[in-house]
Every structure is written in C-alpha cells, then in structure tokens.
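Asks:
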Amino acid sequence: MMLQPKVLVADEPTSALDVSIQAQVLNLFMDLQQEFNTAYVFISHNLAVVRHVADQVLVMYLGRPVEMGPKEDIYTRPCTPTPRPCCRRHRPSTRTRTSRRSRSSASCPTR
-9 MMLQPKVLVA
1 DEPTSALDVS
11 IQAQVLNLFM
21 DLQQEFNTAY
31 VFISHNLAVV
41 RHVADQVLVM
51 YLGRPVEMGP
61 KEDIYTRPCT
71 PTPRPCCRRH
81 RPSTRTRTSR
91 RSRSSASCPT
101 R
C-alpha cells in the first residue's frame, strides 16, 4: 500500500485459508479499502466471500462475462441462468433446491 494504488487485483486471496484466518484477511482488505480509498478486483469461487466484500459482481461462465450488477441484484434476481444455483445456496436463511436443469452447460446471454 506504500504506492497507494487505486486498484488492487486479488486472485483467490482466501481460498487456502481456514475460516477464522479468512475473516481476518477480509477485514484487513476492508480496512485498507477504507483507509486508502482503494478499489479491488476480487476473484473468487467462494460466493459467501464475494457477497461479504463486493459492491458489484461480475459472473463469468466458460471464461466469458455473462452478468454484471450490484451484488444484491445478482444474488436475489439474477437475469441469466448461470449464477442462479450458486446464488440460491448463498442467500441468507433461504433453503432452495437446485434442479439439474438449472445447471445447463448452454451458453448464457450477456446482460
């Protein structure tokens, strides 16, 4: 943070960490963001972590962006089939069954 970057790219920064260490690292990221007014490109497969740190979410499928928007829209009202099964699993206090059909490997339209 010495150079006070405007944007930091963090690729799976918590994936190999246990949950308590993940929380400490995420809190540090958020504290540094407040202190230095830094934006993050936070790459993760852990949607619970993404929901905790993100303001905006970009969903990728087969290496291509398929949906982008405010995190609450992506988690509660995804417009493409790709994030639906994953986001349902990460809604607070919601239990939803995911059908095999919703995990289609077909191409998804972009938003």
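Its first residue numbered -9, the sequence shown is counted upward by one per residue in the numbering used here. In this text, a Cβ means the ideal position worked out from N, Cα and C, and glycines have one as well.
Measure the C-alpha to C-alpha separation of histidine 42 and proline 3 and round it to an integer number of angstroms.
Replies: 14 Å
Asks: Out of curiosity, what's the CA-to-CA distance linking serine 34 and valine 40?
Replies: 7 Å
Asks: With respect to the beta strand (DSSP E) encompassing alanine 0, which residues constitute its N-terminal and C-terminal limits?
Replies: For alanine 0, the enclosing beta strand (DSSP E) covers residues -3 to 1.
Asks: By the three-class DSSP mapping on this structure, what secondary structure does alanine 38 have?
Replies: helix
Asks: At what residues does the alpha helix (DSSP H) containing glutamine 23 begin and finish?
Replies: From DSSP, the alpha helix (DSSP H) with glutamine 23 extends over 9 to 26.
Asks: Just curious, the alpha helix (DSSP H) that aspartate 45 is in, first and last residue?
Replies: First-last for aspartate 45: undefined, no H or E at that position.
Asks: Could you tell me which residues DSSP puts in a beta bridge with alanine 29?
Replies: Alanine 29 pairs with Val(-3).
Asks: From aspartate 1 to threonine 28, what distance separates their C-alpha atoms?
Replies: 16 Å
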